[in-house]
Each structure stands twice: as C-alpha cells, then as structure tokens.
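Residue numbers (this note's numbering): 102 to 270. Using N, Cα and C, we set each Cβ at its ideal position, and we do this for glycine too. Input: a single structure, listed below in structure tokens.
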C-alpha cells in the first residue's frame with residue numbers, strides 16, 4: 102500500500118484565495134471610508150492641507166497593511182492536507198473535511214504541469230475522471246497563495262508517476 106501526503110488547494114480554494122484579496126482590500130478601504138465619514142463628516146483634508154492625495158492615503162495605506170493578515174486567515178481555509186492511499190483497487194483521497202474514493206478504471210487521464218521557480222513555483226495535478234476533474238494546486242510557503250514544502254512537491258510528483266503507471270496498465 103502506497104501513501105502520499107501533501108498540502109494543496111483545490112478549485113474552490115483557488116477561487117477563494119483569488120477573490121479574497123480584492124474583496125478584503127476593498128472591504129477594508131470601504132470600512133475606513135465609512136468610519137471616517139461617520140465620525141468626521143465635516144472635515145475635508147483639502148481645507149487644511151493643499152495635498153489632494155492625503156485623504157486617499159489615509160484610506161489606502163491602512164487597507165494595504167491589514168489585507169495580508171486577512172489573507173493568512175483565508176489561506177488556512179483554502180489549503181488542505183491531503184492524505185492519499187491505496188485500498189485494494191480503490192484510490193482514497195482524504196482531506197481535512199471529506200473522503201473521495203476512485204476506482205482506477207474511472208480515471209481517464211492524469212496531467213502534471215510545473216511552472217515557475219523559487220517563490221513562484223507551482224505544480225498543478227489534474228486527474229480526469231468519468232464524472233469530474235480533480236485538481237490539486239501546490240505552491241511554496243513563501244507564496245501568499247501556498248503552503249507547501251519541497252517534500253510536498255516531491256510527494257505530488259511521485260503520486261503523479263504512480264497514477265500514470267497505474268492507468269497505463
């Protein structure tokens with residue numbers, strides 16, 4: 102019995118992380134603007150200082166400073182620990198919340214895409230089945246959207262080679 106463990110995100114996690122940055126930035130900027138207008142409705146910076154960018158900077162800089170902390174929280178929900186093992190002739194894929202069972206006959210194709218180096222390193226594994234495609238995205242810890250180590254990349258690549266060998270038989 103072979104086992105593979107790695108940290109990766111799936112389609113939903115990728116969507117969550119991709120949309121959370123602009124929404125969290127704009128949400129925080131909106132909250133700061135609403136608080137400023139509610140607490141100080143009559144103050145206009147242009148009345149006191151001849152700098153048109155001052156009001157904009159008091160909103161954008163705090164939003165830029167707070168957004169990375171929100172992204173860390175979102176990253177915890179998007180990246181899951183996957184545990185994949187073989188049980189007789191069935192492949193079991195477990196993550197933090199669910200178990201997927203796949204027969205090797207149901208797998209039509211497997212594709213691994215490698216992109217980037219260093220911080221931008223990303224592996225994308227696509228398992229095409231009869232019903233739907235399973236996608237795993239593995240990125241380095243240094244990346245805002247990743248959380249994997251070098252061992253996770255190796256495990257994903259070994260899993261790909263194992264699947265490729267299994268479905269070619």
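Item, Value
"So residue 245 and residue 127 are supposed to be a Cβ contact under 8 angstroms. How far apart are they, rounded?", "Their Cβ separation, rounded to whole angstroms, is 17 angstroms, which puts residue 245 and residue 127 out of contact at 8 angstroms."
"What residue ranges within the segment 204-258 form continuous beta strand (DSSP E) runs of no fewer than 3 residues, ordered along the chain?", "208-216, 223-230 and 234-240"
"State the CB to CB distance for the pair residue 229 and residue 210, rounded to an integer number of angstroms; the pair is presumed to be in contact (CB under 8 angstroms).", "4 angstroms"
"Bridge partners for residue 193 per DSSP, in chain order?", "186 and 202"
"How would you write the range of the beta strand (DSSP E) that residue 107 sits in, first residue to last?", "104-110"
"Per DSSP, residue 180 is paired with what?", "110"
"For residue 179, which residues from the same chain have a beta carbon less than 7 angstroms from its beta carbon, with the 5 sequence-adjacent residues on both sides left out?", "110, 114, 117 and 118"
"With a threshold of 8 angstroms, are at least 3 pairs of Cβ atoms found where one atom belongs to the segment 181-189 and the other to the segment 128-144?", "no"
"If you run the structure through DSSP and keep just helix, strand and coil, what is residue 143?", "coil"
"Using 8 angstroms for Cβ pairs, my map puts residue 130 next to residue 164. What's the rounded Cβ distance?", "4 angstroms"
"Give the single residue among 175, 234 and 132 whose Cα lies nearest to the Cα of residue 248.", "175"
"Rounded to whole angstroms, what is the Cα-Cα separation between residue 205 and residue 134?", "55 angstroms"
"Straight-line CA distance for residue 103 to residue 232?", "25 angstroms"
"How would you label residue 136, buried or exposed, when you count the other beta carbons within 10 angstroms and need 16 or more for buried?", "exposed"
"Note down the Cα distance separating residue 273 from residue 207, rounded to an integer number of angstroms.", "Since the first residue shown for the chain is 102 and the last is 270, residue 273 is missing from the structure and cannot be characterised."
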